[in-house]
Each structure stands twice: as structure tokens, then as C-alpha cells.
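Following: one structure in C-alpha cells, then a few remarks.
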Amino acid sequence: MYGLARQGQAPKGFAQVSKHGVPWMTVVVMAVTLLIGVVLNYLIPENIFLLIASLATFATVWVWLMILLTHVAMRRSMTAEQVAQLQFKVPFWPWAPAAAIAFMLFIFGVLGYFPKTQGALIVGVVWIALLIVAYMLWVKPMAGQAQAIMSDAPLPTDH
3 MYGLARQGQA PKGFAQVSKH GVPWMTVVVM AVTLLIGVVL NYLIPENIFL LIASLATFAT
63 VWVWLMILLT HVAMRRSMTA EQVAQLQFKV PFWPWAPAAA IAFMLFIFGV LGYFPKTQGA
123 LIVGVVWIAL LIVAYMLWVK PMAGQAQAIM SDAPLPTDH
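Residue numbers for the sequence shown follow our numbering, so the first one is 3 and each next one is one higher.
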């Protein structure tokens, strides 16, 4: 989290360090996360491993689905000349990406089919919805403001 915050890809609070150079906010968040894990292990010890594994599966499949969809969208936006200049050709285009997307959707279906993994699917979908709302409320308006500032202000010249 500290590294991401320093790169501007996480909230700035995670980049704060103590006088000894410890990223204290990151330590606090990680400790709270571990505490949640301990509490869940106490409350549902028989299901905690399956829940965590299912959530990890959801996250992995979601990321790969987004990569595949973005790749397909990028390829569709390219001209024939741009596609011809690609250094790394996709074998069996467009069938391989379509099959991979179908498989990712199948995995989501499997998560929803089995009662013990449905919780992970629900939590994952709610999490994605919360991220979208947070993006719309905080990130997108700030990006619009930054774009307005960049387009309105002329660059200074020293010569």
C-alpha cells in the first residue's frame, strides 16, 4: 500500500510515515485486516478457508476478465494497418479470447452454483459495485478537474 500510495495509485494517507520511517497507516490497515481474519476464523472456522479461497478466485477471474475485455476492445478499435504492425500476434484471434472470456464467465457461474461459494460471489459483486460508486464520486470528478486545469492553464515559457 505504501508503494502504491507513493506512485499515486492508492490514497495519499498510506504514504505517511512515522518519525522512524514506518508507513503507519499501512500497518494499521493490515493489522485491522488480520484482525478481521481472526474474528472470522473464530466465528466460522469450518468455512473460512473456502470463503477466502472463493474470494481469491473471484478476484483473479475478475481481473483476467477485465484484461480480456480490454484487449478485445483495443483490438476492435485498431485499424487493419495497426493490427498488421503488432509484434505479438494473438493465436486463433478472435476465437481464443472469446473462449477465454466464456471460461471466465463459466467460473463465475460455478461460484454462483454452489451454496458454499455463493457468498464470495455476492461479496465480490458488492465490492465491485462499491468501487464503481467510489470512482464515480471521488476519482472521476477529480480527474475532470485536473483535465480542466491542464487545458485552461497555458504552459509557462522561460525564453
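All C-beta atoms in this analysis are idealised placements derived from N, C-alpha and C, irrespective of residue type, glycine included.
In the three-state DSSP reduction, residue 20 falls in the coil class, being neither helix nor strand. Uninterrupted beta strand (DSSP E) stretches at least 3 residues long and entirely within the stretch 66-110 do not occur. Put simply, the stretch 85-100 does not touch the stretch 121-138. Fewer than three CB pairs are less than 8 Å apart. A distance below 8 Å separates the beta carbons of residue 49 and residue 118.
CA-CA distance, residue 17 to residue 75, rounds to 34 Å. Taking 8 Å as the upper bound for CB-CB distance, residue 38 and residue 67 are not in contact here, some 26 Å apart. Taking a C-beta distance under 8 Å as the contact criterion, residue 126 and residue 51 do not qualify as a contact pair.
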